[in-house]
Ligand code: DER
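Numbering (full-length UniProt numbering), first residue to last: 39 to 269.
This is the structure in structure tokens:
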């Protein structure tokens, strides 16, 4: 089964298990979440209110004809469904491969439950086992050089790279007008909760792609067409 089909299996199962008429749902960003939106539309559920986590997520909601809201009008969500770049054995996540982690974390934090949907390649024992692009860190543009210097200093020992755009000259600019630094690491991260706090405290850092203690539910689509639930 293709990776896309694995993503679809995970997303469909999560929607079937958690989304009901009247649900208030945070819609993540990336490629897997598209299948969750497709499934919500396919089920024809009534009065489902969707809050996006990016321009891409907004487009998915609008194009599916679902009710679009925001956190000003819907500040408390029942669930957020979102993808992940990696999930470790303790449910620490790396997110931000698509550069949307700031709004994703805000919306997930505004939800009673964050549900991760992914293909099987995203499940790891330790962070970094499968995801090799590092920790995405959203930074204020004027601060990216000092932030990079701090990340590569002995206090962090990371290898930061400014994320450059592919179809545009220069750096990637997020939906919030910021840059992304991908902080690579060669050995397993220790004390991830503390690392997430320490990175966040560097002046100029807006948000990290380390999601800690934010979920205990993840669906992983498998190549045999089954879906593995980690909870
Ligand atoms: O950028 C993000 O945070 C995405 O949610 C990412 O973590 C998962 O993207 P994918 O569903 O395309 O793998």
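Idealized CB from N, CA, C, for every residue including glycine. None of these values were measured; they are calculated from a predicted model.
In chain order, each beta strand (DSSP E) run of at least 3 residues that lies wholly inside the stretch 194 to 265: Scanning the stretch 194 to 265 from its first residue to its last, the whole beta strand (DSSP E) runs of 3-plus residues come out as 197 to 200, 217 to 222, 243 to 246, 256 to 259.
Residues with C-beta closer than 7 Å to any heavy atom of the ligand DER, in chain order: Qualifying residues, in the order they occur: 45, 66, 67, 68, 69, 70, 71, 120, 121, 122, 123, 133, 134, 135, 136, 137, 138, 139, 142, 156, 160, 247.
Buried versus exposed, by CB contacts within 10 Å (16 or more), residue 251: Your numbering for residue 251 matches position 213 in the chain shown. The residue is exposed, with fewer than 16 neighbouring Cβ atoms inside 10 Å.
The stretch 225 to 233 contacting the stretch 152 to 161, beta-carbon criterion three pairs below 8 Å: Flag = no, the stretch 225 to 233 and the stretch 152 to 161 do not touch.
CB contact flag (residue 217, residue 177, <8 Å): Position 179 of the chain shown, counted from the start, is the residue given in the question as residue 217. Position 139 of the chain shown, counted from the start, is the residue given in the question as residue 177. For residue 217 and residue 177, yes; Cβs fall inside 8 Å.
Where residue 44 sits in the DSSP three-state scheme: Sequence index remark: in the chain shown, residue 44 carries index 6 (1-based). Taken through DSSP and simplified to helix, strand or coil, residue 44 comes out as helix.
The stretch 227 to 246 contacting the stretch 182 to 192, beta-carbon criterion three pairs below 8 Å: With the cut-off at 8 Å, the stretch 227 to 246 and the stretch 182 to 192 touch.
Bounding residues of the beta strand (DSSP E) (the contiguous stretch that carries residue 151): Residue 151 sits at position 113 when you count from the first residue of the chain shown. That run of the beta strand (DSSP E) goes 149 to 157.
Residue burial classification, residue 80 (beta-carbon count within 10 angstroms, cutoff 16): Counted from its first residue, the chain shown places residue 80 at position 42. It is exposed - the Cβ of residue 80 has fewer than 16 other Cβ atoms within 10 Å.
Residue ranges of each alpha helix (DSSP H) within the stretch 44 to 98, 4 or longer: Listed in chain order, the complete alpha helix (DSSP H) runs (minimum 4 residues) inside the stretch 44 to 98 are 71 to 81.
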